[in-house]
Amino acid sequence: MIATDPQTLIPCPYEKTCSGCQLLDIPYGYQIKKKTSELSQLLKEHGIHTPSQIDFMSAGAAYLRDRLDFSLQEGRLGLYGKNSREIVDIEVCAQLSPELQKWYTEFRKIKWPFTKGSIRLRVGPDGKRGAWLDFANIDIKALLDEQLILKSLLEHAFVEIGQRRKVPVWTGNEFKLKDPELNTWFTTWIQEVPVPLYCHIASFTQPSLKANTLIADKISTWVGQFPDARIIEFGSGIGNLTIPALATAKTVLACEIDALSLEGLEKTVLMLPSNLKDHAAKLTIYRGDFQKKILQDFSQFDGVLANPPRSGLMGFLNPLESLQPQQRPPFFIYMSCFPESMAKDMQRLQSYGYELTEIAIVDQFPQTNHYEVLSLLQRK
Ligand SMILES: C[S@@+](CC[C@H](N)C(=O)[O-])C[C@H]1O[C@@H](n2cnc3c(N)ncnc32)[C@H](O)[C@@H]1O
1028 MIATDPQTLI PCPYEKTCSG CQLLDIPYGY QIKKKTSELS QLLKEHGIHT PSQIDFMSAG
1088 AAYLRDRLDF SLQEGRLGLY GKNSREIVDI EVCAQLSPEL QKWYTEFRKI KWPFTKGSIR
1148 LRVGPDGKRG AWLDFANIDI KALLDEQLIL KSLLEHAFVE IGQRRKVPVW TGNEFKLKDP
1208 ELNTWFTTWI QEVPVPLYCH IASFTQPSLK ANTLIADKIS TWVGQFPDAR IIEFGSGIGN
1268 LTIPALATAK TVLACEIDAL SLEGLEKTVL MLPSNLKDHA AKLTIYRGDF QKKILQDFSQ
1328 FDGVLANPPR SGLMGFLNPL ESLQPQQRPP FFIYMSCFPE SMAKDMQRLQ SYGYELTEIA
1388 IVDQFPQTNH YEVLSLLQRK
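Heads up: take any position in the sequence shown, counting from 1, add 1027, and you land on the numbering used here.
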């Protein structure tokens, strides 16, 4: 955890116009208090019995993000304005890690031959640069035909195009789009060892490599309190929490809807270094929409690890209902960037006999209203 002066204010020339950050006028120390008391209030409103302390883990007051989603609109590159559908042209952003800011500055030199589109830039753990160009089909065709922009972009970065994440390749006289390619765009940790995670630029990853070290550490500490646990995981994605959990778990059943993320996870475990290879055998992958229904007997698991989307766990919790209290998994780790749905799910878990024993905020989104919550619940 990084110690930050509570009086720290982060300068931003777009404070009054850009909608990206909402708390720039509040010193960081007060942001910490605000987020902590908001979460405490939310849990109280939902009748959740809360431990005496909510931990606050920070990787810094700004400059954390290693991926940025932004828009092109009429020659402007940036984020939406406050209460506006107009894009604010942003040259520097207090959210970006220094490496991503450098890449963004470079990227802004391109003059686009069309007026709108969505873009994601990334910088990977080894400094590799990536760009995902999510443009309309007609604009993608224009880009492939124009050739010069893509050629210069490919000198600086790996590029993915469109919703299907196709990769442009120069054949000698034209560009062709080939199938998506997995690369190591993110890192998680197994014990003290960094594990590169295979995925696409367009894949879901947490926003910041630096903040993710705090998350991986917390998850492995909590899972480590229950050695040899058989774990069922909701929303494994590319394996950011799966891999830390594998260190001490007996088995992990990773449940996930997104096939491309699971391809990444499969490649990551295949590529584990030889001293970690044994962990691969503990993992089983299970694909489906598990908010609707899950056909697993939860009494066969010692723990649940959940990191759902904004809508929360929904039907994934149904199998717990029909079990006897002592058949329910003894621990439940819940991570969420959407505390409202998490609090609702916790209400259900509390009614099934779980008690919130530890809770922490990981401030992945300083200067904004958002934050990540990690919580450990245990069966009474
Ligand atoms: C917040 S992300 C977490 C991913 C991963 N734990 C990480 O830290 O990178 C939520 C994950 O839940 C998955 N998901 C969303 N809806 C789902 C569903 N109905 N069934 C299973 N997985 C789902 C998403 O594809 C995504 O990978």
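Virtual Cβ for every residue (Gly too), placed ideally from N, Cα, C.
Using 8 Å for Cβ pairs, my map puts residue i next to residue j. What's the rounded Cβ distance?
{"i": "T1215", "j": "N1239", "result": "7 Å"}
{"i": "D1372", "j": "G1339", "result": "5 Å"}
{"i": "V1186", "j": "A1158", "result": "5 Å"}
{"i": "T1278", "j": "K1320", "result": "No, T1278 and K1320 are not in contact; Cβ-Cβ is about 22 Å, not under 8 Å."}
{"i": "G1266", "j": "L1292", "result": "4 Å"}
{"i": "Y1055", "j": "P1078", "result": "That pair is no contact at about 24 Å."}
{"i": "L1236", "j": "F1253", "result": "Contact flag wrong, Cβ pair sits at about 27 Å."}
{"i": "L1170", "j": "L1177", "result": "6 Å"}
{"i": "H1073", "j": "Q1374", "result": "5 Å"}
{"i": "D1161", "j": "G1144", "result": "7 Å"}
Is the Cβ-Cβ distance between residue i and residue j less than 7 Å?
{"i": "G1342", "j": "Q1323", "result": "no"}
{"i": "G1047", "j": "L1106", "result": "yes"}
{"i": "Q1394", "j": "I1037", "result": "yes"}
{"i": "L1127", "j": "D1153", "result": "no"}
{"i": "L1050", "j": "Q1058", "result": "yes"}
{"i": "I1312", "j": "L1289", "result": "yes"}
{"i": "K1142", "j": "A1088", "result": "Checking the displayed sequence, the identity of residue 1142 turns out to be Thr instead of Lys. No, the pair does not count as a contact, with Cβ atoms beyond the cut-off."}
{"i": "L1347", "j": "F1325", "result": "yes"}
{"i": "L1224", "j": "T1295", "result": "yes"}
{"i": "D1082", "j": "A1387", "result": "yes"}
{"i": "I1137", "j": "F1097", "result": "no"}
{"i": "L1350", "j": "H1306", "result": "no"}
{"i": "L1403", "j": "E1385", "result": "yes"}
{"i": "D1255", "j": "I1284", "result": "no"}
{"i": "V1389", "j": "I1242", "result": "yes"}
{"i": "I1167", "j": "G1189", "result": "yes"}
{"i": "L1148", "j": "L1104", "result": "no"}
{"i": "C1226", "j": "A1121", "result": "no"}
{"i": "G1251", "j": "T1232", "result": "no"}
{"i": "R1192", "j": "A1229", "result": "yes"}
{"i": "L1070", "j": "A1281", "result": "no"}
{"i": "P1300", "j": "F1328", "result": "no"}
{"i": "Y1090", "j": "S1111", "result": "no"}
{"i": "P1352", "j": "G1380", "result": "yes"}
According to DSSP, is residue i helix, strand or coil?
{"i": "T1240", "result": "helix"}
{"i": "K1203", "result": "strand"}
{"i": "A1281", "result": "strand"}
{"i": "N1302", "result": "helix"}
{"i": "F1358", "result": "strand"}
{"i": "K1371", "result": "helix"}
{"i": "F1325", "result": "helix"}
{"i": "L1104", "result": "strand"}
{"i": "P1366", "result": "helix"}
{"i": "V1250", "result": "helix"}
{"i": "N1396", "result": "coil"}
{"i": "E1293", "result": "helix"}
{"i": "D1082", "result": "strand"}
{"i": "L1286", "result": "Checking the sequence, you will find Ala at residue 1286 rather than Leu. If DSSP states are grouped into helix, strand and coil, A1286 belongs with the helices."}
{"i": "P1040", "result": "coil"}
{"i": "P1033", "result": "coil"}
{"i": "T1384", "result": "strand"}
{"i": "T1269", "result": "helix"}
{"i": "E1113", "result": "coil"}
{"i": "F1343", "result": "helix"}
{"i": "N1334", "result": "coil"}
{"i": "A1158", "result": "strand"}
{"i": "S1378", "result": "helix"}
{"i": "L1209", "result": "coil"}
{"i": "I1075", "result": "coil"}
{"i": "E1219", "result": "coil"}
Can we count residue i as close to ligand 2, meaning its CB is less than 6 Å from some heavy atom?
{"i": "S1288", "result": "The ligand content of the structure shown is limited to ligand 1, which means ligand 2 is not among them."}
Between residue i and chain C, is any beta-carbon pair separated by less than 7 Å?
{"i": "Q1100", "result": "The question asks about chain C, but that chain is absent: this structure has only one protein chain."}
Should the region 1336-1351 be regarded as contacting the region 1033-1049, the criterion being three or more beta carbon pairs within less than 8 Å? The answer is no - the region 1033-1049 does not touch the region 1336-1351, with fewer than three Cβ pairs under 8 Å.
With three or more C-beta pairs closer than 8 Å as the rule, is the region 1242-1262 touching the region 1201-1211? Below 8 Å, too few C-beta pairs join the region 1201-1211 and the region 1242-1262 to call them touching: fewer than three.
Would you check if there are 3 or more beta carbon pairs closer than 8 Å linking the region 1356-1367 to the region 1241-1250? Verdict: yes, contact present.
Mind the definition here: the region 1064-1082 touches the region 1113-1132 only if three or more C-beta pairs lie below 8 Å; say whether that holds. Short answer: they don't touch.
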